[in-house]
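Q: Pasting a structure below so you can have a look.
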Amino acid sequence: MAKKLGTQTVVLDTQPVIIGSAAIVGKKEGEGPLARYFDDIIEDEYAGEKTFEAAESRFMLNAYNKALEKSGKSASDIDFILSGDLLNQCTAASYAFRDVSIPYFGLFGACSTMSESLVLASMLIDSGAASNVVCAVSSHFCSAERQFRFPLEYGSQRTPTSQWTVTGAGAVILSKEGQGPRITCVTPGKIVDEGIKDSNNMGAAMAPAAADTIMAHLKDTGRTVDEYDMILTGDLGSFGSQMLVELLKRNGIDTKDKHHDCGTMIFDLNRQDVVCGGSGCACSATVLSSYIMERFRNNQLKRILFVATGALLSPTRIKQGETIPSIAHGVCIEA
Amino acid sequence: MNEILKAFVLGGVICVIGQLLIDLTKLTPARIMVIYVVTGVVLGYFGLYQPLVEWGGAGASVPLTGFGNLLAKGVIKEVDNSGLLGAFTGGVKASAAGITAAVVFGYIMSIISKPKIKN
Amino acid sequence: MSKTLSKFEYQELVEKKAPGSRTVRNVLAAFVTGGAICSVGQIIMMIAENYGADKETAAAITSISMIFLGAFLTAVNIYDNISKFGRAGALVPITGFSNSIVSPAMEYKKEGYIMGVGAQMFLIAGPVLVYGIFASVIAGLVYFIWKQVI
Numbered sequence: 001m002a003k004k005l006g007t008q009t010v011v012l013d014t015q016p017v018i019i020g021s022a023a024i025v026g027k028k029e030g031e032g033p034l035a036r037y038f039d040d041i042i043e044d045e046y047a048g049e050k051t052f053e054a055a056e057s058r059f060m061l062n063a064y065n066k067a068l069e070k071s072g073k074s075a076s077d078i079d080f081i082l083s084g085d086l087l088n089q090c091t092a093a094s095y096a097f098r099d100v101s102i103p104y105f106g107l108f109g110a111c112s113t114m115s116e117s118l119v120l121a122s123m124l125i126d127s128g129a130a131s132n133v134v135c136a137v138s139s140h141f142c143s144a145e146r147q148f149r150f151p152l153e154y155g156s157q158r159t160p161t162s163q164w165t166v167t168g169a170g171a172v173i174l175s176k177e178g179q180g181p182r183i184t185c186v187t188p189g190k191i192v193d194e195g196i197k198d199s200n201n202m203g204a205a206m207a208p209a210a211a212d213t214i215m216a217h218l219k220d221t222g223r224t225v226d227e228y229d230m231i232l233t234g235d236l237g238s239f240g241s242q243m244l245v246e247l248l249k250r251n252g253i254d255t256k257d258k259h260h261d262c263g264t265m266i267f268d269l270n271r272q273d274v275v276c277g278g279s280g281c282a283c284s285a286t287v288l289s290s291y292i293m294e295r296f297r298n299n300q301l302k303r304i305l306f307v308a309t310g311a312l313l314s315p316t317r318i319k320q321g322e323t324i325p326s327i328a329h330g331v332c333i334e335a
Numbered sequence: 001m002n003e004i005l006k007a008f009v010l011g012g013v014i015c016v017i018g019q020l021l022i023d024l025t026k027l028t029p030a031r032i033m034v035i036y037v038v039t040g041v042v043l044g045y046f047g048l049y050q051p052l053v054e055w056g057g058a059g060a061s062v063p064l065t066g067f068g069n070l071l072a073k074g075v076i077k078e079v080d081n082s083g084l085l086g087a088f089t090g091g092v093k094a095s096a097a098g099i100t101a102a103v104v105f106g107y108i109m110s111i112i113s114k115p116k117i118k119n
Numbered sequence: 001m002s003k004t005l006s007k008f009e010y011q012e013l014v015e016k017k018a019p020g021s022r023t024v025r026n027v028l029a030a031f032v033t034g035g036a037i038c039s040v041g042q043i044i045m046m047i048a049e050n051y052g053a054d055k056e057t058a059a060a061i062t063s064i065s066m067i068f069l070g071a072f073l074t075a076v077n078i079y080d081n082i083s084k085f086g087r088a089g090a091l092v093p094i095t096g097f098s099n100s101i102v103s104p105a106m107e108y109k110k111e112g113y114i115m116g117v118g119a120q121m122f123l124i125a126g127p128v129l130v131y132g133i134f135a136s137v138i139a140g141l142v143y144f145i146w147k148q149v150i
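The listed protein sequences derive, respectively, from chains A, G and F.
Here the first sequence stands for residues 1 to 335, where the numbers follow my numbering.
Here the second sequence stands for residues 1 to 119, where the numbers follow my numbering.
Here the third sequence stands for residues 1 to 150, where the numbers follow my numbering.
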């Protein structure tokens, strides 16, 4: 049974195992530094569908199928699907899994959904309620642009702190037993809002949430940064990462070279014109389920803290003059 | 040739002002477009924009301030011709070509083309 | 979260550390792009006048042509690249106004020709028409009253 440790960390007795994972990405991501780790690169932004929303569901379903295949499980072994994306009503997830016929939970944690789903899935498994759970999330540059920003062909101006929504989907199969990296404890995050209003500066809005969760995790577990090979945030981007390191330093935590951010790993910031880096649910999900899993397999990683970050902003509330609430959930993954 | 050069310089300068507003203030492009058209109406009303059109031709009429100027000129002309009613008809009448073209071409283009991602 | 920084201090810190715009580059690009677009307009106007059009007709022909050009370049997926390079130089001319109408029309075609194209076409350009037309009516009323007084 799971045990609460400190104020917000949960230690998992059964230590659920990541028995399979897959990442499917779009063309731009497939031209980035991590290209060779992805399971598939779909060059067509419509993915053979008529709309970007349908395309995003296609990415999600492909990632799910691939992860399932790699885990050696079949759909009938799966107890629950925990899935989400950036769109209203979790559009991509709901439409991706409507024909799969497995009990389903739609999650919204903005770009933090990958760690949110891992937190909940591992607690479900630890409680005995499930043996195998699918965690799958997606985002799509084009569907996100039309919902959150402007039509694709509009000559909008990118500001110096903006980020580029990753097109793709990542899926992880979590099981109570098997071979692979294990989730040993999780630190669900609190909503943190430090008053940032600029929806083109989500890195700065999310950095305090990431700092809050990382500090809570270290305090609850009594560990130091040195006991981790990597503190991996989701999509703070280059500027948000700078703010995170600064915030931690001011609280007496030196991240040294341990902090990495999926948003700055998935793209080449100098070459790919993404300003501060990648963002979106798929940003942390695709990096985790491809490159990071590969490094675990090669014994290059022993213990990481995966902290996917999410800006829980509502375009409506931003127009009403509100600020950006943010969240980050911590997942400790060990070899 | 001289006239093209003048249009280039004046049009360029009007766009530079917009760029400075974007970079140095917190104004969004949507607000800047509104500011431009309203500024055009105000300058046009007081007859301050027409000299720019005389000097720079398309350099003054192609930017959105020129659209505002057109609205102001149109409304003044119609008030002169038909009194109070002109306040309601003049602006749109003068800018009818532009507005109609935008609707028609917008519709046609939406039929024949679809948006694509840029890398 | 951290006890060492207040909300206000954090916002100040973000403001201070945030990377700035490349203003010099943007201003140069805006000048060149805006200038070039207006020059095209000037050439069209001169051709129209050459064919005997009066000033007003030539101006209307220029408007329609420039709006067509903006619409066409949007439809062939080029105008947003011009904007990316030219910044305000592509936003402020009437071609940018055209781009702001054509791009939502294309984008929302998937939601149908009535509620998609028809309803969303003025998503971005709407405010320009609302405030432009409203301002012109105020100008007309002021002018009308002023004429009565004189």
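Glycine included, every Cβ here is placed at the ideal spot set by N, Cα and C.
Model, not experiment: these values are computed from the prediction.
By the criterion of Cβ-Cβ separation under 7 Å, what are the contact partners of residue 16 of chain F in chain G?
A: The residue you call residue 16 of chain F lines up with position 16 of the third sequence. Under the 7 Å cutoff, chain G gives no residues; its nearest Cβ is about 15 Å from residue 16 of chain F.
Q: Give the residues from the segment 17-33 of chain G that approach chain A closer than 8 Å (Cβ to any Cβ), ordered along the chain.
A: Residues 22 and 29.
Q: Using a Cβ-Cβ cut-off of 7 Å (strictly less than) and excluding sequence neighbours within five positions of residue 255 of chain A, which residues of its own chain qualify?
A: For the purposes of this step, residue 255 of chain A is taken as the residue at position 255 of the first sequence. The residues are 225, 231, 245 and 248.
Q: Can you give me the start and stop residues for the beta strand (DSSP E) that residue 73 of chain A sits inside?
A: Stepping through the first sequence from its first residue, residue 73 of chain A is reached at position 73. First-last for residue 73 of chain A: undefined, no H or E at that position.
Q: Looking only at its chain, what residues have a beta carbon closer than 8 Å to the beta carbon of residue 1 of chain F, apart from the 5 residues adjacent to it on each side?
A: Locating residue 1 of chain F in the third sequence gives position 1, where the first residue counts as 1. Only weak support exists for where residue 1 of chain F lies, its pLDDT of 48 falling under 50; the coordinates are left without a value.
Q: Per DSSP, which one or two residues make a beta bridge with residue 170 of chain A?
A: Within the first sequence, residue 170 of chain A is the residue found at index 170, counting from 1. DSSP lists A:23 and A:137 as partners of residue 170 of chain A.
Q: What separation, rounded to the nearest whole angstrom, lies between the Cα atoms of residue 72 of chain A and residue 20 of chain A?
A: The sequence position of residue 72 of chain A within the first sequence is 72, counting from 1. The sequence position of residue 20 of chain A within the first sequence is 20, counting from 1. Cα to Cα, the separation comes out at about 8 Å.
Q: Give a yes or no on whether the C-beta atoms belonging to residue 98 of chain F and residue 67 of chain F are separated by under 8 Å.
A: For the purposes of this step, residue 98 of chain F is identified with residue 98 of the third sequence, where counting begins at 1. For the purposes of this step, residue 67 of chain F is identified with residue 67 of the third sequence, where counting begins at 1. A contact, by the Cβ cut-off of 8 Å.
Q: Which residues bound the beta strand (DSSP E) around residue 311 of chain A?
A: Walking along the first sequence from the start, residue 311 of chain A turns up at place 311. Counting along the chain, the beta strand (DSSP E) containing residue 311 of chain A begins and ends at 303-311.
Q: For residue 294 of chain A, tell me which candidate among A:43, A:6 and A:35 has the shortest Cα-Cα distance.
A: Position 294 of the first sequence, counting from 1, holds the residue named residue 294 of chain A. Residue A:35 is the option with its Cα nearest to residue 294 of chain A.
Q: Would you kindly check if the distance between the Cβ of residue 276 of chain A and the Cβ of residue 11 of chain A is under 8 Å?
A: Translated into the one-based positions of the first sequence, residue 11 of chain A becomes position 11. Translated into the one-based positions of the first sequence, residue 276 of chain A becomes position 276. Result no, Cβ atoms of residue 11 of chain A and residue 276 of chain A do not sit closer than 8 Å.
Q: With 8 Å set as the bound, which would you pick, yes or no: does the beta-carbon of residue 104 of chain A sit closer than that to a beta-carbon of chain F?
A: In the first sequence, the residue the question calls residue 104 of chain A occupies position 104. So, not an interface residue.
Q: So, is the C-beta of residue 99 of chain G closer than 8 Å to a C-beta in chain A?
A: Residue numbering aside, residue 99 of chain G sits at position 99 when the second sequence is read from its first letter. Not an interface residue.
Q: Hey, does residue 25 of chain F have any beta-carbon neighbour from chain A nearer than 8 Å?
A: Within the third sequence, numbered from 1, the residue matching residue 25 of chain F stands at position 25. Not one chain A Cβ lies under 8 Å of residue 25 of chain F.
Q: Within 10 angstroms of the Cβ of residue 67 of chain G, are there 16 or more other Cβ atoms? Answer buried if so, exposed if not.
A: Taking the second sequence and counting its residues from 1, one reaches residue 67 of chain G at position 67. By the neighbour-count rule (16 or more Cβ atoms within 10 Å), residue 67 of chain G is buried.
Q: Using a C-beta to C-beta distance shorter than 8 Å, which residues of chain F count as neighbours of residue 45 of chain G?
A: For the purposes of this step, residue 45 of chain G is taken as residue 45 along the second sequence, with counting starting at 1. The answer, in chain order, is 139, 142 and 143.
Q: Verify the CB distance criterion: does residue 251 of chain A have a CB-CB separation below 8 Å to chain D?
A: Looking at the structure shown, chain D is missing, and the protein chains on hand are A, G and F.
Q: Under the assumption that residue 137 of chain A contacts residue 180 of chain A (Cβ atoms under 8 Å), give the Cβ distance between them as a whole number of angstroms.
A: Indexing the first sequence from 1 puts residue 137 of chain A at position 137. Indexing the first sequence from 1 puts residue 180 of chain A at position 180. Incorrect: roughly 19 Å between the Cβ atoms, too far for contact.
Q: Nearest chain G C-beta to residue 4 of chain F closer than 8 Å, yes or no?
A: Stepping through the third sequence from its first residue, residue 4 of chain F is reached at position 4. It does not; no Cβ of chain G falls within 8 Å.
Q: Is there a Cβ from chain G that is less than 8 Å from the Cβ of residue 82 of chain F?
A: Here the question's residue 82 of chain F lines up with position 82 in the third sequence. No, because no Cβ of chain G sits closer than 8 Å to the Cβ of residue 82 of chain F.
Q: Report the three-state DSSP secondary structure of residue 1 of chain F (helix, strand or coil).
A: Your numbering for residue 1 of chain F matches position 1 in the third sequence. In this prediction, residue 1 of chain F scores a pLDDT of 48, lower than 50, which makes its location untrustworthy; no coordinate-derived value is stated.
Q: Could you work out which residues of chain F lie near residue 63 of chain G, taking near to mean beta carbons separated by less than 8 Å?
A: The residue you call residue 63 of chain G lines up with position 63 of the second sequence. Residues of chain F passing the Cβ test: 34, 38, 92, 93 and 94.
Q: Which word fits residue 264 of chain A, buried or exposed, when buried means at least 16 other C-beta atoms lie within 10 angstroms of its C-beta?
A: The residue labelled residue 264 of chain A in the question sits at position 264 within the first sequence. Burial call: buried.
Q: With a threshold of 16 other CB atoms inside 10 Å of the CB of residue 54 of chain G, please say whether the residue is buried or exposed.
A: As a working mapping, residue 54 of chain G is identified with position 54 in the second sequence. Classification of residue 54 of chain G: exposed, given that the 10 Å Cβ count is below 16.
Q: Using beta-carbon positions only, say whether residue 281 of chain A and residue 123 of chain A come within less than 8 Å of one another.
A: Reading the first sequence from its first residue, position 281 is the one you call residue 281 of chain A. Reading the first sequence from its first residue, position 123 is the one you call residue 123 of chain A. Not in contact: residue 281 of chain A and residue 123 of chain A (Cβ atoms no closer than 8 Å).
Q: Using the beta-carbon of each residue, which ones in chain G are nearer than 8 Å to residue 157 of chain A?
A: Working through the first sequence from its first residue, we reach residue 157 of chain A at position 157. Those within 8 Å of residue 157 of chain A in chain G are 22 and 29.
Q: What first and last residue would you give for the beta strand (DSSP E) that runs through residue 81 of chain A?
A: Against the first sequence, residue 81 of chain A aligns to sequence position 81. Its beta strand (DSSP E) spans residues 80-84.
Q: In angstroms with no decimal places, state the Cα-to-Cα distance between residue 91 of chain G and residue 235 of chain A.
A: Looking up residue 91 of chain G in the second sequence gives position 91. Looking up residue 235 of chain A in the first sequence gives position 235. Distance between the alpha carbons of residue 91 of chain G and residue 235 of chain A: 48 Å.
Q: Distance check for residue 150 of chain A and residue 334 of chain A, CA to CA, integer angstroms please.
A: Walking along the first sequence from the start, residue 334 of chain A turns up at place 334. Walking along the first sequence from the start, residue 150 of chain A turns up at place 150. Answer to the nearest angstrom: the Cα atoms are 41 Å apart.
Q: Beta carbons nearer than 8 Å to chain A: which residues of the segment 97-130 of chain F have them?
A: Listed by position, the residues of the segment 97-130 of chain F near chain A (Cβ gap below 8 Å) are 99, 100, 102, 103, 104, 106, 107, 108, 110, 123 and 124.
Q: Keeping to the same chain, check which residues put their C-beta closer than 6 Å to that of residue 197 of chain A; ignore five residues upstream and five downstream.
A: Here residue 197 of chain A corresponds to residue number 197 of the first sequence, with the count starting at 1. Hits under 6 Å: 323.
Q: Cβ atoms of residue 82 of chain F and residue 321 of chain A: under 8 Å apart, would you say?
A: As a position in the first sequence, residue 321 of chain A is number 321, starting the count at 1. As a position in the third sequence, residue 82 of chain F is number 82, starting the count at 1. Not closer than 8 Å, so no.
Q: Report the option in G:110, G:62, G:8 and G:78 whose CA atom is closest to the CA atom of residue 40 of chain G.
A: Taking the first residue of the second sequence as position 1, residue 40 of chain G is located at position 40. Nearest C-alpha to residue 40 of chain G: G:62.
Q: So which residues on chain F does residue 204 of chain A lean against when the C-beta distance must stay under 8 Å?
A: Residue mapping note: residue 204 of chain A aligns to position 204 of the first sequence, counting from 1. Under the 8 Å cutoff, chain F gives 14 and 18.
Q: Under the assumption that residue 95 of chain A contacts residue 57 of chain A (Cβ atoms under 8 Å), give the Cβ distance between them as a whole number of angstroms.
A: What you label residue 95 of chain A is simply residue 95 of the first sequence in a count that begins at 1. What you label residue 57 of chain A is simply residue 57 of the first sequence in a count that begins at 1. Contact flag correct, Cβ pair sits at about 5 Å.
Q: Does the segment 87-94 of chain F come close enough to the segment 13-30 of chain G that 3 or more CB-CB pairs lie under 8 Å?
A: Taking 8 Å as the limit for Cβ pairs, the verdict is that the segment 87-94 of chain F does touch the segment 13-30 of chain G.
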